[in-house]
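Colleague:
In our numbering, the protein residues as written are 1 to 298.
Listed below in structure tokens is the structure:
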């Protein structure tokens, strides 16, 4: 029998704050989060250094002013996104409909949708996009997630992320669960653009840097005979909300060559980042795992 996670005072205060922020207009919440981000950017921190390191590696041709502008905007967006969890985790479906524009190249409600991987990427709007794509499917689905270190927060996040009929599957040894979802005709959402270590990964270029990249997307697609449906969550200007953009199904994927498929995924991500570099989660240590013989960068 599962035990109920112990909830601390910090848990109650944090969840209370998020629930309270959800009662406010979205633009107020977004401005509040951005204001905190601007203040925190003035303070030296390891995450701020990670942002600058990532941008220096990916865009060596940028001048210092451009790199500083994008670094600051990205950092502020990242901090702001945590305040916006209030809306994303506790907002009703109708509230999300008012805040999120859906721009989809496919019919998400098609009754005959084959096994599908909903492939997300870590832009700052990924949380809103992930919740809203689950809502827009109007069918049971599943989503891979990375468990939080605090069991109480993890249980709460799982419940709120899955409130629109999404089964939350812990990332890790999840291949069997994903294939089970495919057999049940449940679309599965996952993101593969982070460094999860060398296991089930290959080194392929990402903005010219040999980057540890998961091969699980193409392998799951091949075994489960699943189609790939990429999507992006974009934060709209002037605190207006978000846009969920769902792209056409990838043709000839998987190709049978996991390295080639990983390169294709990174190339697609590069193309989207160049459209809005300040909205990518550069706070993540994307280059933590290095090719053999190469020194660490962080």
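Cβ atoms here follow ideal geometry from the backbone N, Cα and C, with glycine treated the same way. Just so it is clear, the structure is predicted and the values come from calculations on it, not from any experiment.
#1: At a cut-off of 7 Å, would you count residue 296 as near the ligand HEM, judging by its Cβ distance to the nearest heavy atom?
#2: Use the C-beta contact count for residue 39: other C-beta atoms within 10 angstroms, 16 or more gives buried, fewer gives exposed.
#3: For residue 119, I'd like the list of residues in its chain whose CB is within less than 6 Å of its CB, leaving aside the five on either flank, ordered along the chain.
#4: Go through its chain and collect everything with a Cβ distance to residue 53's Cβ below 7 Å, but skip five positions before and after it.
#5: Smallest Cα separation from residue 15: which of 51, 90, 4?
#6: Kindly list the residues whose CB is nearer than 7 Å to the CB of residue 58, restricted to its own chain and excluding five residues on each side of it in sequence; keep chain order.
#7: Can you look up residue 121 in the DSSP assignment and give me helix, strand or coil?
#8: Where are the beta strand (DSSP E) runs, 3 residues long or more, that stay fully inside the stretch 172-238, in chain order?
#9: Can you tell me the Cα-Cα spacing of residue 147 and residue 127, whole angstroms?
#10: Mapping DSSP to helix, strand and coil, what is residue 244?
#11: Just list the residues that DSSP pairs residue 169 with in beta bridges.
#12: Relative to the C-alpha of residue 280, which residue among 217, 240, 70, 45 is closest?
#13: What residues are listed by DSSP as bridge partners for residue 116?
#14: Looking at the secondary structure, which residues open and close the beta strand (DSSP E) in which residue 100 lies?
#15: Using the Cβ count rule (16 or more neighbours within 10 Å means buried), how would you classify residue 28?
#16: Using alpha carbons as the reference points, say which of 198, 219, 236 lies closest to residue 292.
#17: Quick one: residues in its chain with C-beta nearer than 7 Å to the C-beta of residue 156, no 5 flanking neighbours on either side, listed in chain order?
Modeller: Well, looking at it:
#1: Inclusion of the ligand HEM in the displayed structure is not the case, the ligand content being empty and no account of it being possible.
#2: Here residue 39 is exposed: its Cβ has fewer than 16 other Cβ atoms, across all protein chains shown, within 10 Å.
#3: Counting only Cβ-Cβ distances below 6 Å, and skipping sequence neighbours, we find 228, 230.
#4: Exclusion of the five residues before and after residue 53 leaves 297, 298 as the residues of its chain whose Cβ lies within less than 7 Å of its Cβ.
#5: Nearest to residue 15 by alpha-carbon distance, out of 51, 90, 4, is 90.
#6: Excluding sequence positions up to five before and after residue 58, its CB lies within less than 7 Å of the CB of 207, 209, all in the same chain and listed in chain order.
#7: Here DSSP, grouped into helix, strand and coil, assigns residue 121 to coil.
#8: Taken in chain order, the unbroken stretches of beta strand (DSSP E) that lie wholly in the stretch 172-238 and span 3 residues or more are 188-191, 201-206, 209-214, 227-235.
#9: Within the model, the alpha-carbon separation for residue 147 versus residue 127 is close to 15 Å.
#10: The answer is strand: DSSP assigns residue 244 an E or B state.
#11: Per DSSP, 144.
#12: For the set 217, 240, 70, 45, the Cα lying nearest the Cα of residue 280 is the one of 70.
#13: The partner list for residue 116 (beta bridge, DSSP) reads 227.
#14: In the DSSP annotation of this structure, the continuous segment of the beta strand (DSSP E) that includes residue 100 starts and ends at 100-104.
#15: So residue 28 counts as exposed.
#16: Comparing Cα positions, the closest option is 198.
#17: Closer than 7 Å at the Cβ level, and outside the excluded window around residue 156, lie 15.
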